[in-house]
Ligand code: SF4
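Chains as they are written, first to last, in this note's numbering: chain A, 36 to 326; chain B, 37 to 440.
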């Protein structure tokens, strides 16, 4: 009895969610990965306190990031023991700050490139890494257009290192460590579909303030980390040459070839063989060798 | 059974070429062997050291240059130069061009050794090579490298079966080599299939990184370029190899009356055609990619011209001229230039033109180079060891007896 009721509720709930999602899809123009977890970075709000760096290090058992503002003096990249870094970019006017980390693409190049699926896209957003499968071919480093995966060359038994999007915390229903730590509201954690809208809302509402572009909406086929800014993105060292198309799509054509080769080559080659064999037989029969 | 027949014993007969251990050792004391020994005596420990100390201590690889000499040269180039195995195999077994029969076995042997060396280079390069077995457990079907890995596995198996024929002929195990000989046609079909996929997939690896490979080399059609250059490499390698073999292993070829010059000229004609087609296809690729403006611009723009004019157009014309005027020497020189051109192309794609916008460009460490040199040396030594024992250049005993 009560079980029936529970089942009923479940079904009703599921339908309700589905309906809501359908509606949401319609409202948001259905951007890729709309239902995945994502972060909107509003660089105009970032104060460069590097609280996110510290929180990240703690959550991922990384060495503590250097304290003091001296490190802001030079451009840093993420590394094997720093999954996120905040860089400072000088004026016009106030300096700007931009946090960098894995972009967690909707269709990640690295995961599609990994032959053993050690990098794998989770349905709720994170691009996760399974070190027990990784063979260390480093094709993910080759493939990533944002140069995110880093390899532990210094170790005898190395692994690939990059931002995890705190997949473990997310599985517990918590937000990533960096977004929870951010005091200025520069990082907003939410669903990608909603955050794309929110980004656009901010950009259009204050048209004179922002550059009219949501970085990550279309870059590399869409990323789960989205950026808005009041200066050109190239000035924040963001990769502006990244194509809009999804990177895994690039190799679709080439990857479609093997099935054809496997089905067409053998009969074709055997046909050629039969033909040349027959020609030789005929030639032999007529008493003259083929040249 | 095998041990009983000769008084010197099986070992002396088969391994020591019928010499006593002392005499055999004495024949090894040549200057070339000294050089080879010197290279390997340092190179093999270096290879082992790499597993102990890690990639960072032994290579100059960086986060933006994750593939260096071991992939760019040993893998990319080794596989390309191994293409003679399937090119000549197909010519003889499938197209029925029997005149190439005498070079079929050396070509297959080169292919086999090329693959083995490439796999060793790959093992050195992988961070955790033991996880290669994951290829069989995970379906990374969206990865070009997954295709490459499967092709390596499958084609190495096919090559070992092809090589098993002279190997068991040498050991005199008729039960094995006779059925394998009969299966040669089927094996050749498989080798063409796996090779064409493998050679082109090595090019496809770079399609996913348009921004990192210089526009003159990157193309969505790069897999077609890699396939064509593999055929060029196959043809040219056979020319180069048969030239060297005929000098070095002349005694093996005694009493064989095939016309090496006619063979070379025939290969030259084929080389000219494929190189010429490749040249124009590459131009088409550049136009297609709107990269025309890069030609001659900066070091890489000039370097591309060097590759295309000096190592594609020039050998193709030399091939054509030599084949037409029956100048075997010219064809051989063209073959050597073409082989260098393929090496240059693979090195350019994977290293020189890679990460081209980065001012601190990768330069290999001496350890990387030495290990690569060691692998090449081991390959040459293995080739010589095998050719001196097994029926690769000379005809197998049972066929030679009942023939002609
Ligand atoms: S290095 Fe590891 S994670 Fe990266 S592509 Fe290779 S196997 Fe996959």
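From the three backbone atoms N, C-alpha and C, an ideal C-beta is built for every residue, glycine too. Computed from a prediction, not measured in an experiment: that's the story for all the values here.
Residue i CB to nearest heavy atom of the ligand SF4 below 6 Å
{"i": "residue 92 of chain B", "result": "no"}
{"i": "residue 29 of chain B", "result": "The first residue shown for chain B is 37 and the last is 440, placing residue 29 of chain B beyond what the model contains."}
CB contact check: residue i to chain B, cutoff 7 Å
{"i": "residue 59 of chain A", "result": "Residue confidence for residue 59 of chain A is low, a pLDDT of 41 falling below 50, so the modelled location carries little weight and cannot support an answer."}
{"i": "residue 260 of chain A", "result": "no"}
{"i": "residue 102 of chain A", "result": "no"}
{"i": "residue 56 of chain A", "result": "A caution first: residue 56 of chain A carries a pLDDT of 41, below 50, which makes its placement in the model unreliable, though a value can still be read off. Output row for residue 56 of chain A: interface = no."}
{"i": "residue 327 of chain A", "result": "Outside the displayed span of chain A (36 to 326) sits residue 327 of chain A, for which this structure offers no information."}
{"i": "residue 250 of chain A", "result": "no"}
{"i": "residue 307 of chain A", "result": "yes"}
{"i": "residue 171 of chain A", "result": "yes"}
{"i": "residue 149 of chain A", "result": "yes"}
{"i": "residue 177 of chain A", "result": "yes"}
{"i": "residue 328 of chain A", "result": "The shown model of chain A, from 36 to 326, leaves out residue 328 of chain A, and the question about it has no answer."}
{"i": "residue 301 of chain A", "result": "yes"}
{"i": "residue 110 of chain A", "result": "no"}
{"i": "residue 319 of chain A", "result": "no"}
{"i": "residue 152 of chain A", "result": "yes"}
{"i": "residue 281 of chain A", "result": "no"}
{"i": "residue 120 of chain A", "result": "no"}
{"i": "residue 143 of chain A", "result": "no"}
{"i": "residue 269 of chain A", "result": "no"}
{"i": "residue 62 of chain A", "result": "Any answer about residue 62 of chain A is weak, because its pLDDT of 43 lies below 50 and its placement is not dependable; what the coordinates show is given next. It does not; no Cβ of chain B falls within 7 Å."}
Proximity of residue i and residue j at Cβ, strictly below 7 Å
{"i": "residue 304 of chain A", "j": "residue 130 of chain B", "result": "yes"}
{"i": "residue 296 of chain B", "j": "residue 287 of chain B", "result": "no"}
{"i": "residue 216 of chain B", "j": "residue 200 of chain B", "result": "yes"}
{"i": "residue 382 of chain B", "j": "residue 116 of chain B", "result": "yes"}
{"i": "residue 315 of chain B", "j": "residue 349 of chain B", "result": "yes"}
{"i": "residue 282 of chain A", "j": "residue 244 of chain B", "result": "yes"}
{"i": "residue 76 of chain A", "j": "residue 232 of chain A", "result": "no"}
{"i": "residue 148 of chain A", "j": "residue 157 of chain A", "result": "no"}
{"i": "residue 186 of chain A", "j": "residue 195 of chain A", "result": "yes"}
{"i": "residue 150 of chain B", "j": "residue 114 of chain B", "result": "yes"}
{"i": "residue 75 of chain B", "j": "residue 413 of chain B", "result": "yes"}
{"i": "residue 118 of chain B", "j": "residue 163 of chain B", "result": "no"}
{"i": "residue 80 of chain A", "j": "residue 243 of chain A", "result": "no"}
{"i": "residue 123 of chain A", "j": "residue 86 of chain A", "result": "no"}
{"i": "residue 230 of chain A", "j": "residue 67 of chain A", "result": "no"}
{"i": "residue 173 of chain A", "j": "residue 102 of chain B", "result": "yes"}
{"i": "residue 194 of chain B", "j": "residue 301 of chain A", "result": "no"}
{"i": "residue 180 of chain B", "j": "residue 286 of chain A", "result": "yes"}
C-beta neighbour in chain A for residue i, strict 7 Å
{"i": "residue 164 of chain B", "result": "yes"}
{"i": "residue 127 of chain B", "result": "no"}
{"i": "residue 130 of chain B", "result": "yes"}
{"i": "residue 259 of chain B", "result": "yes"}
{"i": "residue 229 of chain B", "result": "yes"}
{"i": "residue 104 of chain B", "result": "no"}
{"i": "residue 332 of chain B", "result": "no"}
{"i": "residue 185 of chain B", "result": "yes"}
Closest residue to residue i among the options (Cα-Cα distance)
{"i": "residue 201 of chain A", "options": "A:284, A:139 and A:283", "result": "A:139"}
{"i": "residue 276 of chain A", "options": "A:162, A:179, A:152 and A:242", "result": "A:179"}
{"i": "residue 258 of chain A", "options": "A:127, A:284, A:161 and A:293", "result": "A:161"}
{"i": "residue 359 of chain B", "options": "B:401, B:142, B:402 and B:309", "result": "B:309"}
{"i": "residue 69 of chain A", "options": "A:217, A:256 and A:79", "result": "A:256"}
{"i": "residue 175 of chain A", "options": "B:99, B:112, B:222 and B:435", "result": "B:99"}
{"i": "residue 172 of chain B", "options": "B:406, B:155, B:86 and B:190", "result": "B:190"}
{"i": "residue 392 of chain B", "options": "B:188, B:352 and B:252", "result": "B:252"}
{"i": "residue 368 of chain B", "options": "B:386, B:120, B:400 and B:301", "result": "B:301"}
{"i": "residue 184 of chain A", "options": "A:119, A:306 and A:191", "result": "A:119"}
{"i": "residue 171 of chain A", "options": "A:159, A:192 and A:181", "result": "A:192"}
{"i": "residue 375 of chain B", "options": "B:339, B:270, B:240 and B:178", "result": "B:270"}
{"i": "residue 110 of chain A", "options": "A:263, A:121, A:167 and A:234", "result": "A:121"}
- Could you name the residues, in chain order, whose CB is less than 6 Å away from a heavy atom belonging to the ligand SF4? Residues with a Cβ closer than 6 Å to any heavy atom of the ligand SF4, in chain order: A:148, A:149, A:151, A:153, A:154, A:169, A:170, A:171, A:172, A:173, A:174, A:175 and A:195.
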